[in-house]
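Undergrad: Top line first, the protein sequences correspond to chains P and V.
Quick note on numbering: the working numbering labels position 24 of the first sequence as 76, and the sequence is numbered without any gaps.
Quick note on numbering: the working numbering labels position 49 of the second sequence as 94, and the sequence is numbered without any gaps.
One structure coming up, written as structure tokens, with questions to follow.
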Amino acid sequence: AQSVTQPDIHITVSEGASLELRCNYSYGATPYLFWYVQSPGQGLQLLLKYFSGDTLVQGIKGFEAEFKRSQSSFNLRKPSVHWSDAAEYFCAVAFGSGNTGKLIFGQGTTLQVKP
Amino acid sequence: DTAVSQTPKYLVTQMGNDKSIKCEQNLGHDTMYWYKQDSKKFLKIMFSYNNKELIINETVPNRFSPKSPDKAHLNLHINSLELGDSAVYFCASSHSHSTGTEAFFGQGTRLTVV
Numbered sequence: 053a054q055s056v057t058q059p060d061i062h063i064t065v066s067e068g069a070s071l072e073l074r075c076n077y078s079y080g081a082t083p084y085l086f087w088y089v090q091s092p093g094q095g096l097q098l099l100l101k102y103f104s105g106d107t108l109v110q111g112i113k114g115f116e117a118e119f120k121r122s123q124s125s126f127n128l129r130k131p132s133v134h135w136s137d138a139a140e141y142f143c144a145v146a147f148g149s150g151n152t153g154k155l156i157f158g159q160g161t162t163l164q165v166k167p
Numbered sequence: 046d047t048a049v050s051q052t053p054k055y056l057v058t059q060m061g062n063d064k065s066i067k068c069e070q071n072l073g074h075d076t077m078y079w080y081k082q083d084s085k086k087f088l089k090i091m092f093s094y095n096n097k098e099l100i101i102n103e104t105v106p107n108r109f110s111p112k113s114p115d116k117a118h119l120n121l122h123i124n125s126l127e128l129g130d131s132a133v134y135f136c137a138s139s140h141s142h143s144t145g146t147e148a149f150f151g152q153g154t155r156l157t158v159v
């Protein structure tokens, strides 16, 4: 079955430290890959997406993600975290040719930033 | 201008009541969705409409009935509310329903059933 896994439920990093949030998917082909961020009490905002081409994609707010086909992963990174990055991060994928626009989300990773 | 707007933002109601959540998008998108986020923050799609036609119904109880009067609006009506319906409901829209299309989300409606 198609699935998305974010292994880390909760991550705490110090402000200024680097960040990596993990995302793995289970699917026979390359899916469409997204990272969304949800700030407290807010909706989801798209950080970046990968469809094809260069496997390192740049997003908003200084985030980047790297697609690794061999590992079925799409990990999100940021070189230096700011206190305002504290939020919930969701990896999402779209599979197949069904053309429904449906996104399948991972369980989310809560990022806490220490001063 | 808010791209995808939902009303109300908060809704507290008693078991057994019927309630509606409204959603409007001003992006000119053809496709709209309802997602449910449970207490563990897990997000799952409920419905999708394209140009007012239902294209996804993810085994949601028939107490939930979406209605799309036009492609800019997708409302969610819930009959006979149950405690388990408590969640945050997100409306979203996308340019089309092609696989991989980017979805734009509203701020969510936190429904609490008491």
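Glycine included, every Cβ here is placed at the ideal spot set by N, Cα and C.
How close, in whole Å, do the beta carbons of residue 135 of chain V and residue 159 of chain P come, if the pair is a contact with beta carbons under 8 Å?
TA: Residue 135 of chain V to residue 159 of chain P, Cβ: 16 Å. No contact.
Undergrad: Please go through the same chain and pick out, in chain order, the residues whose beta-carbon is closer than 6 Å to the beta-carbon of residue 131 of chain P, but skip the five residues on each side of it.
TA: Once the five neighbours on either side are set aside, the close Cβ partners of residue 131 of chain P are 70.
Undergrad: Can you list, in chain order, the residues of the region 48-72 of chain V whose Cβ is nearer than 8 Å to any Cβ on chain P?
TA: So the close ones are 49.
Undergrad: Can you list the residues of chain V that residue 103 of chain P reaches, using a CB-CB cut of under 7 Å?
TA: Under the 7 Å cutoff, chain V gives 145.
Undergrad: Three-state secondary structure (DSSP) at residue 136 of chain P?
TA: Note: residue 136 of chain P maps to helix in three-state DSSP.
Undergrad: Under the three-state reduction of DSSP, which class applies to residue 58 of chain P: helix, strand or coil?
TA: It is coil, neither helix nor strand.
Undergrad: So, are the CB atoms of residue 141 of chain P and residue 98 of chain P less than 7 Å apart?
TA: No, they are not a contact pair.
Undergrad: Looking at chain P, is there any beta carbon in it that lies within less than 7 Å of the beta carbon of residue 150 of chain V?
TA: So, interface residue.
Undergrad: Does residue 93 of chain V have its Cβ less than 7 Å from a Cβ in chain P?
TA: True, the Cβ-Cβ gap to chain P drops below 7 Å.
Undergrad: In chain V, which residues lie less than 8 Å from residue 95 of chain P when you measure between Cβ atoms?
TA: Residues of chain V passing the Cβ test: 49, 135, 150, 151, 152 and 153.
Undergrad: Report all residues from its chain with a CB closer than 6 Å to the CB of residue 62 of chain P; omit the five preceding and five following residues, and keep chain order.
TA: If we look at residue 62 of chain P and ignore the five residues flanking it on each side, its Cβ neighbours are 162.
Undergrad: What whole-angstrom Cβ distance do residue 88 of chain P and residue 54 of chain P have, given they're in contact under 8 Å?
TA: Between residue 54 of chain P and residue 88 of chain P the Cβ distance is about 18 Å, and since that is not below 8 Å, they are no contact.
Undergrad: What are the partner residues of residue 49 of chain V, as DSSP defines its beta bridges?
TA: Answer is V:70.
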